[in-house]
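For the sequence shown, our numbering begins at 269 and goes up steadily by one.
Each residue gets a CB set at the ideal place from its N, CA and C atoms; glycine is no exception.
A short worksheet on the structure shown next.
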Amino acid sequence: MNRLPMEIWREVFTHACTDGGYTGMSLTLVCRFFYNASLPIRFRSLSFRSLHQIELFLHYARRYEESHAGAKLRVHHLMLSFPNTSADTPESSPASSPGADANDVDQWVTSRRLREEEKAAWDDKFTQVLPELFELVAPHLRTLALLQSDGFTLPPIRNVLPRLRELTLLVGISVMLNGEDGFQEHGRSCASHLRPHGSESPEDADVSDGVDENENVSDSPGPTEAPICAAATPSLSVLCARFPALERLHVVCGRHRDFRLRDTLAHLPRLAPKLTHLRISNATYTHEACIPDFLRAALGMPCPEFAFLGTASPPRLVQRPPGADPDIHAALPALRNVVVHSVLPPAGGACGNPYMEYVALMDAVNAIGAACEATEAVRVRAVRSDRAKHRHWEELVARQWVERIEGGYGCWVGCEAE
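Right, dumping it as structure tokens:
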């Protein structure tokens, strides 16, 4: 054991500590040599499922800093999972039940008040603990996965993460993609309400200086292409961005929390101006207008227009490709790969407004994808599947998070060539 150089042992530990902390904790129990040798590595990837776990970790981090002359723990990959709690569990009112008496109603009101007080106390602790955690991990954090329940609301998070390269959000997307101010219109665009203020800022700002480019997570296997028209379009100031190095974003929409995405997506160009890969999962009929509008604005595409494709044929809506209108600039000029995963509306037959809106969403995304094929620089794909339970998404996101740490494709299967 002692014959191997320490550098080799740490390389072994680096490849082993990819499961959110379980292997790192196990290494401390093997022997004193493993305890000391794995110390700089075993916090590389961490996973937390409660505020109590985070508080214990922060207490340890403060003790570590005191005993190591101010040195801080380095966390490269982080997953936070906050399942449902009693404070957010829906409960029907007894007043709507036949035969309910006054005592039942009083008990329900009291129970609801206590649950609301419990949730308010939890939120207060969240707003104290999470900023401290992100302040600790921000200098080295490369991947982040935030998992929530569709019935569990979290306070907004506004920490700057300068080296974050990949972000996954399961439900409650506005917790991370938010902003205090709305965007002002800038230039002419088919969805000008998505145009962030300040897009005339300089292009030469680069916050990636000093980032470890040998990290095994930021890019999928395969060659890296140049950003699309990055030098020919106005760029956003990465100095003011909350996620200036973010390249890959995967959002999984909830049935209730993310019923509408227009306001949330509008913040994305300002928060992550260097985004190259975007995946929107669990989209459905309620996103019929907001997702196509956002994609056109992000890629610099004009609105579809009616055109005659033949003398004997009626006019049809035609989607022109990115760059067709020189007056429309891409809000996300580096974006080159988009995947929109959708699920059918709730059961009820292939008729009615929900189903028609769902078909309109898929037709619009497919039209955008077909128009982008002419550029050979942007790829937009639409995929479909049956509706899955929330538990399935929790397990899938956690597994894909580990896959990305280990250098796999994760949710980016099909993007191998990009």
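Buried or exposed by the 16-neighbour rule on C-beta atoms within 10 Å, applied to residue i
| i | result |
| --- | --- |
| ASN621 | exposed |
| VAL606 | buried |
| PRO614 | exposed |
| TYR328 | exposed |
| THR552 | buried |
| GLY522 | buried |
| GLY682 | exposed |
| ALA534 | buried |
| THR378 | exposed |
| VAL586 | exposed |
| GLN663 | Position check: residue 663 holds Glu in this sequence, whereas Gln was assumed. It counts as exposed. |
| ARG655 | exposed |
| GLY678 | buried |
| GLY338 | exposed |
| SER653 | exposed |
| LEU629 | buried |
C-alpha distance - residue i paired with residue j, whole-angstrom precision
| i | j | result |
| --- | --- | --- |
| VAL439 | ARG271 | 49 Å |
| PRO512 | ARG312 | 21 Å |
| LEU412 | PHE574 | 43 Å |
| ASP526 | ASN634 | 22 Å |
| PRO572 | LEU319 | 48 Å |
| PRO399 | ARG672 | 25 Å |
| THR532 | CYS558 | 10 Å |
| PRO541 | ILE441 | 17 Å |
| MET624 | LEU612 | 11 Å |
| ARG530 | LEU401 | 29 Å |
| TYR626 | ILE596 | 27 Å |
| GLU334 | ARG380 | 44 Å |
| HIS660 | ASP631 | 27 Å |
| VAL608 | LEU422 | 25 Å |
| ARG588 | ALA598 | 14 Å |
| ARG342 | ASN427 | 17 Å |
| LEU517 | GLN375 | 45 Å |
Test: residue i CB closer than 9 Å to a CB of chain D
| i | result |
| --- | --- |
| PRO351 | Annotation note: the requested chain D is absent from the structure, which comprises a single protein chain. |
Helix, strand or coil at residue i according to DSSP, with G and I counted as helix
| i | result |
| --- | --- |
| ILE396 | For clarity, residue 396 is Gln in the given sequence; the question names Ile instead. It is helical. |
| VAL627 | helix |
| VAL428 | coil |
| ARG547 | strand |
| ALA632 | helix |
| THR421 | coil |
| ARG649 | strand |
| ASN621 | helix |
| VAL611 | strand |
| GLU671 | helix |
| ASN446 | coil |
| ALA513 | coil |
| GLU323 | helix |
| HIS555 | helix |
| LEU341 | coil |
| ALA406 | coil |
| LEU600 | coil |
| ALA592 | coil |
| SER335 | helix |
Contact test: residue i Cβ vs the ligand HEM heavy atom, cutoff 8 Å
| i | result |
| --- | --- |
| ASP561 | You won't find the ligand HEM in this model; it holds no ligand whatsoever. |
> Do the region 424-440 and the region 393-411 meet, that is, are 3 or more Cβ pairs less than 8 Å apart?
Replying inline: As far as the Cβ criterion goes, the region 424-440 touches the region 393-411, which means the pair count is three or higher.
> Between the region 554-573 and the region 633-651, are three or more C-beta pairs nearer than 8 Å?
Replying inline: Using a Cβ-Cβ distance cut-off of 8 Å, the region 554-573 and the region 633-651 are in contact, since at least three pairs of beta carbons, one from each stretch, lie closer than that value.
> Does the region 340-351 come within contact of the region 413-420, defined as at least 3 CB pairs closer than 8 Å?
Replying inline: With contact defined as three or more Cβ pairs closer than 8 Å, the region 340-351 and the region 413-420 are in contact.
> Which ranges would you report for the alpha helix (DSSP H) in the region 523-547 if only whole runs of at least 4 residues count?
Replying inline: Within the region 523-547, the alpha helix (DSSP H) runs of at least 4 residues that lie entirely inside it are, in chain order, 530-534 and 536-539.
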